[in-house]
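Right, one structure below, let's go through it.
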Amino acid sequence: MSVKKYQDNNYKISNISIKDNLLSWEMHSVPVSGITQIWAGIKPAAPFPFKLFLILLFIALSAQTVAGHIAMLILFAFSAALWLYYHRPDKNMNQVNIKLLSGDVITFTSSDEESLDSFYRALQEFLSRRGSSIEFDADGKKIETVEIEPVKESSGIMGMDKKSTSNNPLVNDLRKLYLGYSKKSDTNSEILHLIDNTARLIETDDKEGLKSTLREFISQGLIGECNELGLDSLIQEIKNNIY
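Each residue of the sequence shown is one higher than the one before, counting from 2 in my numbering.
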């Protein structure tokens with residue numbers, strides 16, 4: 002079984018395990034709580050870089066001679082064909098795709114449909130809070146499956162009483178943001194999950210995970226909400242991690 006990120010980084014997998022709320026392979030790991038979506042099938046194709054190829058086409062047409070035009074156009078066509086070939090979907094492999102809070106998509110592929118199906122079901126069990134543990138050997142074969150008690154996570158914002166406060170000003174700001182955003186008529190459940198997960202990352206002192214989720218605050222336009230609510234501690238934390 003192999004895995005690759007959306008940026009086309011490829012890894013040789015010797016073992017995959019899902020245990021204690023952590024998805025691990027080789028020297029890499031992802032918290033299961035940071036997964037926003039899983040699906041089976043071909044990963045969405047990377048968008049074709051039209052702007053880049055328009056620039057290259059303009060350069061090709063700027064050649065001074067007919068021979069130069071032909072040579073540059075051949076080079077242009079070859080580059081486009083090479084890009085399409087490199088980014089073509091691999092339809093011969095079964096795939097499970099995982100989307101993270103950061104927006105990255107990780108794709109697990111295997112020619113063994115049974116192993117991949119077991120892996121997909123284990124992820125579903127974790128995400129539904131039922132809990133399980135599963136490991137695969139170097140050939141992608143399942144070697145162990147154990148039902149475990151769900152990992153007790155910190156309460157985050159949703160578990161806090163309306164009148165309670167945290168000793169951490171960032172968590173208090175996130176709670177205010179959560180309560181303020183949840184009152185909007187066009188509330189997005191994914192954003193509420195993002196805010197709550199950020200509080201958990203702060204409480205567990207996960208600096209790398211926090212930096213990734215705070216980038217989502219920018220892309221989701223939550224910085225405007227923070228300014229409106231006067232969440233100075235949270236705004237400063239975003240600046241320290243992003244800018």
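Using N, Cα and C, we set each Cβ at its ideal position, and we do this for glycine too.
Please read all numbers here as calculations on a predicted model, not as lab measurements.
**Asked** Roughly how many whole angstroms lie between the Cα atoms of LYS163 and ASP174?
**Response** With a pLDDT of only 45 at LYS163, under 50, the local geometry of the prediction cannot be trusted, and no value is derived from it.
**Asked** Quick one: what's ASN98 bridged to in DSSP?
**Response** TRP40, THR108
**Item:** Cβ-Cβ separation, SER103 to GLU226 (assumed contact under 8 Å), whole Å
**Value:** Wrong, their Cβ atoms sit about 20 Å apart, outside the cutoff.
**Request:** Using 10 angstroms around the beta-carbon of GLU150, count the other beta-carbons present and answer buried if the total reaches 16, otherwise exposed.
**Result:** Only weak support is given to the placement of GLU150: the predicted model assigns it a pLDDT of 44, under 50, and the value that follows is read from those uncertain coordinates. GLU150 comes out exposed.
**Asked** Which residues in the same chain as LEU232 place their Cβ atom closer than 7 Å to its Cβ, once the five residues preceding and following it in sequence are excluded?
**Response** So the list reads ASP174, LYS177, LEU178, once near-sequence residues are dropped.
**Item:** LYS153, buried or exposed, once every other Cβ within 10 Å from all chains shown has been counted against 16
**Value:** Note that LYS153 scores a pLDDT of 41, beneath 50, so its modelled location is shaky; the value from the coordinates is reported in the next line. That one is exposed.
**Prompt:** Given that a residue counts as buried once 16 or more other Cβ atoms are within 10 Å of its Cβ, and exposed if not, what is PHE109?
**Reply:** buried
**Message:** Does the beta-carbon of ASN173, which I'm using as the reference point, lie nearer than 8 Å to any heavy atom of the ligand MN?
**Reply:** Absence of the ligand MN from the depicted structure is noted, as is the absence of any ligand whatsoever, leaving it without description.
**Request:** Indicate whether TRP26 and ILE36 have their beta-carbon atoms separated by less than 9 Å.
**Result:** no
**Request:** State the start and end residues of the unbroken beta strand (DSSP E) segment that holds SER25.
**Result:** 23-26
**Asked** Distance, Cα to Cα, ILE196 vs LEU58?
**Response** 44 Å
**Prompt:** DSSP three-state call for SER30: helix, strand or coil?
**Reply:** strand
**Asked** Can you give the beta carbon distance from ILE203 to LEU193, rounded, assuming they're within the 8 Å contact cut?
**Response** Contact flag wrong, Cβ pair sits at about 16 Å.
**Request:** Kindly give me the distance between the Cβ atoms of THR98 and ILE39, rounded to whole angstroms, as I take these residues to be in contact under 8 Å.
**Result:** In the sequence under discussion, the amino acid at residue 98 is Asn, which differs from the Thr named in the question. Right, their Cβ atoms sit about 7 Å apart.
**Prompt:** Who are the near neighbours of LYS100 in its chain, counting only those whose CB is closer than 6 Å to its CB and skipping five residues on each side?
**Reply:** THR37, GLN38, VAL106
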